[in-house]
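Visitor:
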Amino acid sequence: MCGIVGYIGENQATEVILEGLQKLEYRGYDSSGVAIHNTKGLVVKKMAGRLSNLISSIEKDPINGNLGIGHTRWATHGVPSDENAHPHTNKAGTIAVVHNGIIENYMTLKKELMEKGYEFKSDTDTEIVVNLLDMYYEGDLLKAVFKAVERLRGAYALGIISSNNPDELIAVRKESPLILGIGEGELFVASDIPAILNRTRRVIYLENGDIVRLSREGYTIYDSEKHVVQREVNEILWDVEAATKDGFDHFMIKEIYQQPSAIKDTLFRRLDDNGDIYLENINIDKKYLDSINKIYVVACGTAYHAGLVGKHVLEKFLEVPVIAEIASEFRYGNNFVDDKTLMIVISQSGETADTLAALRLAKAKGARILSITNVVGSSVARESDDIFYTWAGPEIAVASTKAYTTQLVAFYMMALNFGKLKGTLDEKLYNDYLQELKEISEKVGYTLKKVEDLAKEVANKVKDKRSLFYIGRGLDYYTAMEGALKLKEISYIQAEAFAAGELKHGTIALIEEDTPVIAIATQQEMYEKMVSNIKEVKARGAYTIGITSINNADLENVCDKVIYIEDTISNYMPLLSAIFLQLLAYYTAVVKGNDVDKPRNLAKSVTVE
Ligand code: M6R
């Protein structure tokens, strides 16, 4: 976790760095800091709390200089505090380091350094890096970095400056993301592109193990063997405007409303001249599909919920067993991954550490990796054999919305395409499904209009509740899981999802007078059973809210409120039912006065395991 920005050039480094950090707050925002080189040496300012605190403090007491590093933190080692905020410096205050990731062997190194007389001011793993550098430093900063890096285990991106080397900035990338930005007479490093997009569009995605030396003359990249290497310079075509709110109150609501166009982009750009599915970046053919005996679908959080829907449709259209697993648990199972396994990983950011770890494990066992990600050039994308990019545009709000629905579209498209290739999905069904998918973005748009006011109304009803239940059967159960997660993470209300048939095996004991139960009942074949399950909770005093497209008096009779969404084929219903649940979570958080886009204790991109 955490965001890094580094700058060397002729402009004021503080200005460039703070502007960049603002764009990286999605990576963590519990403390922040900068280290700037000027005539006084290294000037460090850092503090706990939101970045805005640091900005106000620097406005009152500006720091001049045109070389510097900055950081926005999401705590891993040590609580959010001034001491634990980055940059960290050596005792003499001559070397400063910012770090994203985790140094796994920091305890051993800390012990060794303490035996050598080094003292530590913070609880962070980062402080061992700066002290290692101090130990190895003999006038050449790059050499010291080479030596220090050899001692480090774990995932990290580092930005390093020294007052004794006023014309250079060294950055290191190992597992954690880091890019190099190339401007006119200035250079940048950052954890992500939006941080520098106002300044340059020319970017290098640093490779794992790369160390880059930025100087006023240019840059040199060294690979993990310390050989000088050339890396491709990419021109970024998307606009920084895409990462601003466009008049909406929050990024989350903007992103909810972007869903019709995000779905359209994801789908229509993959149709050939005949309107048929064409999956670029995926080289899977019939022979390969016939050769596999299972598919794993692995991801975290919302992406995992998309994976569950994916499992359902892939099994149906491909007639192959599909196992869905939470990435952080994947390695502990007795999994059966081999060279006859296709592993599909899903990650909006493409940088989620748990997902990457599962990907690498499966790859080592011979699996072919197909990733669904929203970030071009992300680690997940680069380590995959095949890639499905969800063209949802940058997702800034911590709560994932448009990434989720475009991930669903990715699964629908792949299941249709693979089923057709393999011959397990007949032509007529394929055509009907594809035709309906082409119309789905409009139905998402209609649903948004139809349910927004209802979501506000229900939000007011549930805002002060201690807990809520979400129930559903089949695909609706997966949607219930996603709805509950959304509500929890931004409204801070305890919300749990249950398979509707499972309630009577224990959970129903929790239902009391006025407990809200959100029942998703979009699956025709399970409809009657759902109505019975809603009756069971209603009889115990629950306040019941039904979500359906099915016009049937039975639901009206058992629900205090029925939310009607647009109708589509049952496999696509998760795309439409998610809309109401996203809006409900959003308006509940708004009415409670919560920080919707940056909920407490969370960060957008979870780059620690
Ligand atoms: O970037 P990823 O898709 O790999 O992220 C996975 C989860 O951390 C993410 O979906 C998380 O659950 C969201 N905050 C949910 O809204």
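Everything in the sequence shown is counted per the numbering used here, starting at 510 for the first residue and increasing by one.
Virtual Cβ for every residue (Gly too), placed ideally from N, Cα, C.
I'd like to check one pair, G875 with D848: are the Cβ atoms closer than 8 Å?
Guide: As a working note, residue 848 is residue 339 in the sequence shown. As a working note, residue 875 is residue 366 in the sequence shown. Yes; because the gap between Cβ atoms is below 8 Å, this pair is in contact.
Visitor: I need the boundaries of the alpha helix (DSSP H) containing Y797, first residue and last residue.
Guide: What you label residue 797 is simply residue 288 of the sequence shown in a count that begins at 1. Per DSSP, Y797 belongs to the alpha helix (DSSP H) from K795 to S800.
Visitor: Can at least three beta-carbon pairs, one atom from the stretch 808–821 and one from the stretch 974–990, be found at a separation below 8 Å?
Guide: The answer is yes - the stretch 974–990 touches the stretch 808–821, with three or more Cβ pairs under 8 Å.
Visitor: Looking only at C-alpha atoms, which of T1116, M644, A1098 and I612 sits nearest to P1108?
Guide: For the purposes of this step, residue 1108 is identified with residue 599 of the sequence shown, where counting begins at 1. For P1108, the nearest C-alpha among the options comes from A1098.
Visitor: To the nearest angstrom, how far is the alpha carbon of W583 from that of I679?
Guide: In the sequence shown, the residue the question calls residue 583 occupies position 74. In the sequence shown, the residue the question calls residue 679 occupies position 170. Looking at the two C-alpha atoms, the distance is approximately 22 Å.
Visitor: Roughly how many angstroms lie between the CA atoms of K958 and G512, to the nearest whole one?
Guide: In the sequence shown, residue 958 corresponds to position 449, counting from 1. In the sequence shown, residue 512 corresponds to position 3, counting from 1. Those two C-alpha atoms are separated by around 36 Å.
Visitor: Starting from G819, follow the alpha helix (DSSP H) in both directions and report where the run begins and ends.
Guide: If you number the sequence shown from 1, residue 819 lands on position 310. Here the alpha helix (DSSP H) through G819 covers G810 to L827.
Visitor: DSSP beta-bridge partners for D895?
Guide: Residue numbering aside, residue 895 sits at position 386 when the sequence shown is read from its first letter. L879, per the DSSP bridge assignment.
Visitor: Can you find the residues in the same chain that come closer than 7 Å, C-beta to C-beta, to Y1096, ignoring five residues on each side of it along the sequence?
Guide: Along the sequence shown, read from residue 1 onward, the residue named residue 1096 stands at position 587. Cβ neighbours of Y1096 beyond the five flanking positions: A964, K965 and A968.
Visitor: With a CB to CB cut of under 6 Å and the five nearest residues on each side skipped, what residues in its chain are close to A862?
Guide: As a working note, residue 862 is residue 353 in the sequence shown. Hits under 6 Å: T1116, V1117 and E1118.
Visitor: What's the gap between the Cα of G648 and the Cα of N673?
Guide: Within the sequence shown, numbered from 1, the residue matching residue 648 stands at position 139. Within the sequence shown, numbered from 1, the residue matching residue 673 stands at position 164. Those two C-alpha atoms are separated by around 7 Å.
Visitor: Is R975 buried or exposed, if buried means 16 or more other CB atoms sit within 10 Å of its CB?
Guide: What you label residue 975 is simply residue 466 of the sequence shown in a count that begins at 1. Answer is exposed; the Cβ neighbour count stays below 16.
Visitor: So within the stretch 652–679, which uninterrupted beta strand (DSSP E) runs reach at least 3 residues, ignoring any that extend past its ends?
Guide: List check, beta strand (DSSP E) in window: 663–671.
Visitor: DSSP three-state label for A1008, please.
Guide: Taking the sequence shown and counting its residues from 1, one reaches residue 1008 at position 499. Here A1008 sits in strand by DSSP.
Visitor: Determine, using beta carbons only, whether T603 and L551 come nearer to each other than 8 Å.
Guide: Numbered from 1 along the sequence shown, position 94 holds the residue referred to as residue 603. Numbered from 1 along the sequence shown, position 42 holds the residue referred to as residue 551. Going by C-beta atoms, T603 is nearer than 8 Å to L551.
Visitor: Please classify V737 as buried or exposed, where buried requires at least 16 other C-beta atoms within 10 Å of its C-beta.
Guide: Taking the first residue of the sequence shown as 1, we reach residue 737 at position 228. With fewer than 16 Cβ atoms within 10 Å of its Cβ, V737 is classed as exposed.
Visitor: Of all the CB atoms in chain C, is at least one closer than 8 Å to the CB of L817?
Guide: As a matter of chain content, chain C is missing from the structure shown, which is built from one protein chain.
Visitor: Just the Cα atoms here: how many angstroms apart are R660 and K763?
Guide: Taking the first residue of the sequence shown as position 1, residue 660 is located at position 151. Taking the first residue of the sequence shown as position 1, residue 763 is located at position 254. Computed Cα separation, rounded: 45 Å.
Visitor: So is the beta-carbon of Q1091 under 7 Å away from any non-hydrogen atom of ligand 1?
Guide: Position 582 of the sequence shown, counted from the first residue, corresponds to residue 1091. For ligand 1, not one heavy atom lies less than 7 Å from the Cβ of Q1091.
Visitor: Identify whether F839 lies in helix, strand or coil by the three-state DSSP scheme.
Guide: Here residue 839 corresponds to residue number 330 of the sequence shown, with the count starting at 1. Three-state DSSP puts F839 in a helix.
Visitor: When the Cα atoms are used, what is the spatial distance from T1031 to S1086?
Guide: For the purposes of this step, residue 1031 is identified with residue 522 of the sequence shown, where counting begins at 1. For the purposes of this step, residue 1086 is identified with residue 577 of the sequence shown, where counting begins at 1. Using only the alpha carbons, I get a separation of about 8 Å.
Visitor: Suppose the cutoff is 7 Å on Cβ atoms and the five residues either side in sequence are ignored; what does the same chain contact list for P1083 look like?
Guide: By one-based count along the sequence shown, residue 1083 stands at place 574. V818, L917, L984, Y987 and T988, listed in sequence order.
Visitor: Could you pull the DSSP bridge partners for Y728 from this structure?
Guide: The count along the sequence shown starts at 1 and reaches residue 728 at position 219. Per DSSP, L723.
Visitor: Who are the Cβ neighbours of I745 in its own chain at under 7 Å, not counting the five residues just before and after it?
Guide: Translated into positions along the sequence shown, residue 745 becomes position 236. Closer than 7 Å at the Cβ level, and outside the excluded window around I745, lie I702, L706, R710 and V712.
Visitor: First and last residue of the beta strand (DSSP E) that includes G1055?
Guide: Position 546 of the sequence shown, counting from 1, holds the residue named residue 1055. Element bounds for G1055: Y1052 to T1057.
Visitor: Pick helix, strand or coil for Y516, following the three-state DSSP scheme.
Guide: Reading the sequence shown from its first residue, position 7 is the one you call residue 516. Three-state DSSP puts Y516 in a strand.
Visitor: Mind checking which residues open and close the beta strand (DSSP E) that includes M556?
Guide: Position 47 of the sequence shown, counted from the start, is the residue given in the question as residue 556. M556 -> beta strand (DSSP E) spans G550 to A557.
Visitor: On the three-state DSSP scale, how would you describe V639?
Guide: Against the sequence shown, residue 639 aligns to sequence position 130. In this structure, V639 counts as helix in the three-state DSSP scheme.
Visitor: By the DSSP assignment, the beta strand (DSSP E) with K619 in it spans what residues?
Guide: Along the sequence shown, one-based indexing puts residue 619 at 110. Element bounds for K619: not the beta strand (DSSP E) but the alpha helix (DSSP H), Y615 to E624.
Visitor: Using beta-carbon positions only, say whether S540 and N593 come within less than 8 Å of one another.
Guide: As a first step, residue 540 must be located in the sequence shown, where it is residue number 31. As a first step, residue 593 must be located in the sequence shown, where it is residue number 84. For S540 and N593, yes; Cβs fall inside 8 Å.
Visitor: Is it the case that the Cβ atoms of I905 and Y538 are separated by a distance below 8 Å?
Guide: Position 396 of the sequence shown, counting from 1, holds the residue named residue 905. Position 29 of the sequence shown, counting from 1, holds the residue named residue 538. Not in contact: I905 and Y538 (Cβ atoms no closer than 8 Å).
Visitor: Just to confirm, does S858 get its C-beta within under 7 Å of one of the non-hydrogen atoms of ligand 1?
Guide: Residue 858 sits at position 349 when you count from the first residue of the sequence shown. Yes, since a heavy atom of ligand 1 falls inside the 7 Å radius drawn around the Cβ of S858.
Visitor: Quick check: is any heavy atom of ligand 1 less than 7 Å from the C-beta of E741?
Guide: Indexing the sequence shown from 1 puts residue 741 at position 232. It does not: the Cβ of E741 is nowhere closer than 7 Å to a heavy atom of ligand 1.
Visitor: Please state if the CB of I855 and the CB of A812 are separated by a distance shorter than 8 Å.
Guide: Position 303 of the sequence shown, counted from the start, is the residue given in the question as residue 812. Position 346 of the sequence shown, counted from the start, is the residue given in the question as residue 855. Yes, the Cβ-Cβ distance between A812 and I855 is below 8 Å.
Visitor: For A1204, which residues in the same chain have their Cβ closer than 6 Å to its Cβ, ignoring the five residues on either side in sequence?
Guide: The structure shown has nothing for residue 1204, since the chain only spans 510 to 1118.
Visitor: Give a single yes or no on whether G875 has its beta carbon closer than 7 Å to a heavy atom of ligand 1.
Guide: The sequence position of residue 875 within the sequence shown is 366, counting from 1. Result no, Cβ not under 7 Å from ligand 1.
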